[in-house]
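Read the structure below first, then the notes.
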Amino acid sequence: MDITAIKDSKQDSRILPLSFYVRNDVVQISRELLGKFLVTHINGKITAGMIVETEAYRASDDKACHAYNMRRTARTEVMFAEGGQAYIYLCYGIHHLFNVVTGPKNNAQAVLIRAVEAIDNLPLMMQRRGREKAGPQLTAGPGVLSKALGITTSLSGSSLLSSTGNIWIEDRDIHFQPKEIISSPRVGIDYAEECKDWPWRFRVKHSKWTSKSK
DNA sequence: CACGGGATCGTCT
DNA sequence: GACGATCCCGTGT
1 MDITAIKDSK
11 QDSRILPLSF
21 YVRNDVVQIS
31 RELLGKFLVT
41 HINGKITAGM
51 IVETEAYRAS
61 DDKACHAYNM
71 RRTARTEVMF
81 AEGGQAYIYL
91 CYGIHHLFNV
101 VTGPKNNAQA
111 VLIRAVEAID
121 NLPLMMQRRG
131 REKAGPQLTA
141 GPGVLSKALG
151 ITTSLSGSSL
161 LSSTGNIWIE
171 DRDIHFQPKE
181 IISSPRVGID
191 YAEECKDWPW
201 RFRVKHSKWT
211 SKSK
C-alpha cells in the first residue's frame, strides 16, 4: 500500500456514509450537517469548507420545497432518489445552489447548504471568487460558496459517498451543542404561505461565516 | 448601515 | 412570458 492509498483510505473513513443520509428526518439531518466539511475535488484540486448554515426542505408538506405536491420534473427528479446525492440548481440565472438529498427513495427531501467557513485551499477559493482577501465574503451565502468550491449544476445527481467522485462530505470530529445552534425561519420563501415561518434554518451561533438574514 | 436595482437564464405555466 | 431557496454595487445617511 503506497502513501496515496493510505491517505485515501483515511479520507474515506471520515466520509459520511449512506446511513447518515437515508434517515427520514431532513430537519434533524440539517442540524447534524453543521460542523461537517463539504469537500470538492475538481480538475485535480481539493477545496473544503466547514458547514455553518443549512436549511431543510421536504416535499410532503412544505410549500417552499421545489418538489412540493409531488412536483416531479427533470430538475427535481434527483430529490426523489435515495439520500446521499447532490441536488444543484440555478437560481436567478446566476447562482448555483447546492443541496444534499436525504431520506429514502421517493421521499423527496433536501438540505440547502447556505454557508461554509473556508478551510482548505484558500488561494484557489479566492481566485474562483475574484477576491484578494480571505474572509466571510468568500463563502458566506449559498451562491458564493458554490463559486468558491467550484460547484456547478453539472454536478447535480453526483453521489456524495466516495472520494473518487467530485464532491463529498466529511466528519472531522467537530460537534456543536444544541445551545450553539440558532434556528430561525428560512430565507427568501415568503411565497410559501403557512410554511414560511417554520424554523428550519440552522446556524452556528458564534460563526462569522453565516449568510446575512433579512 | 439600509435600501434599491440590475444581472441573467433555466424552468414551469 | 414571468419569475426565482441570490449577490454585488451604488447611493444616501
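For the first sequence, position 102 (counting from the first letter as 1) is numbered 102 according to the working numbering, and the numbering increases by one without interruption.
Quick reminder that beta carbons are idealized off the backbone N, C-alpha and C, glycines included.
On a predicted model such as this, the values are computed, not experimentally measured, just so you know.
Strand pairing of residue i, partner residues [DSSP]
i, result
"VAL101", "ALA110"
"LYS45", "ILE42"
"HIS66", "The partner list for HIS66 (beta bridge, DSSP) is empty, contrary to what the question assumes."
"ILE51", "VAL116"
"GLN177", "In DSSP, GLN177 forms no bridge with anything."
"ARG203", "GLU53 and ILE182"
"LEU90", "HIS96"
"ALA140", "ALA115"
Sequence-distant residues of its chain with Cβ nearer than 8 angstroms to residue i (five each side left out)
i, result
"ILE94", "GLY143"
"ASN121", "LYS45, ILE46, THR47 and ALA48"
"ASP12", "SER162 and SER163"
"LEU18", "GLU82, GLY83, GLY84 and LEU161"
"ASN166", "THR40, HIS41, ILE42, LEU155 and SER158"
"GLU132", "MET126"
Local Cβ density within 10 Å of residue i, reported as buried at 16 or more and exposed below that
i, result
"TYR57", "buried"
"GLY84", "buried"
"ASP190", "exposed"
"ILE151", "buried"
"ASP61", "exposed"
"ALA220", "As shown, the chain starts at 1 and ends at 214. That puts residue 220 outside it, with no answer to give."
"THR73", "exposed"
"MET1", "Bear in mind that a pLDDT of 48 at MET1, under 50, signals an unreliable position, so the number given afterwards is only what the model happens to contain. Exposed, by the Cβ-count rule."
Beta-carbon contacts of residue i that lie in its chain and below 7 angstroms, excluding the five residues immediately before and after
i, result
"ARG31", "ILE181 and PHE202"
"MET50", "GLY35, PHE37, VAL116, GLU117, ILE119 and ILE174"
"LEU97", "ILE88, TYR89, CYS91, LEU112, PRO142, GLY143 and SER146"
"SER183", "PRO199, ARG201 and PHE202"
"ALA192", "LYS63 and ALA64"
"MET70", "ALA59"
"PHE176", "LEU34, GLY35 and VAL204"
"VAL27", "ALA56 and TRP200"
Beta-carbon proximity of residue i to residue j, cut-off 7 angstroms
i, j, result
"ALA215", "ALA108", "Since the first residue shown for the chain is 1 and the last is 214, residue 215 is missing from the structure and cannot be characterised."
"THR102", "ILE42", "no"
"VAL78", "GLY157", "yes"
"VAL52", "THR210", "yes"
"VAL22", "PRO123", "no"
"ALA86", "LEU155", "yes"
"PRO178", "ASP197", "no"
"ARG114", "GLU55", "yes"
"LYS208", "PRO136", "yes"
Nonlocal neighbours in the same chain, by C-beta distance under 6 angstroms from residue i, ignoring five residues either side
i, result
"THR76", "HIS66 and ALA67"
"ASN106", "PHE80"
"ALA134", "LEU122"
"PHE20", "none"
"GLU194", "none"
"THR139", "GLY49, VAL116, ALA118, LEU145 and ALA148"
The ligand ZN heavy atom lying under 6 angstroms from the CB of residue i
i, result
"ALA108", "As far as ligands go, the structure on display features none, and thus does not contain the ligand ZN."
Query raised in the report: On the three-pair Cβ rule with 8 angstroms, is the stretch 141–159 touching the stretch 124–131?
Result: Under the three-pair Cβ rule at 8 angstroms, the stretch 141–159 counts as touching the stretch 124–131.
Requested in this report: Evaluate the contact criterion for the stretch 33–52 versus the stretch 158–173: three or more CB pairs, one atom per stretch, below 8 angstroms.
Outcome: Yes, since at least three Cβ pairs between the stretch 33–52 and the stretch 158–173 fall closer than 8 angstroms, the two stretches touch.
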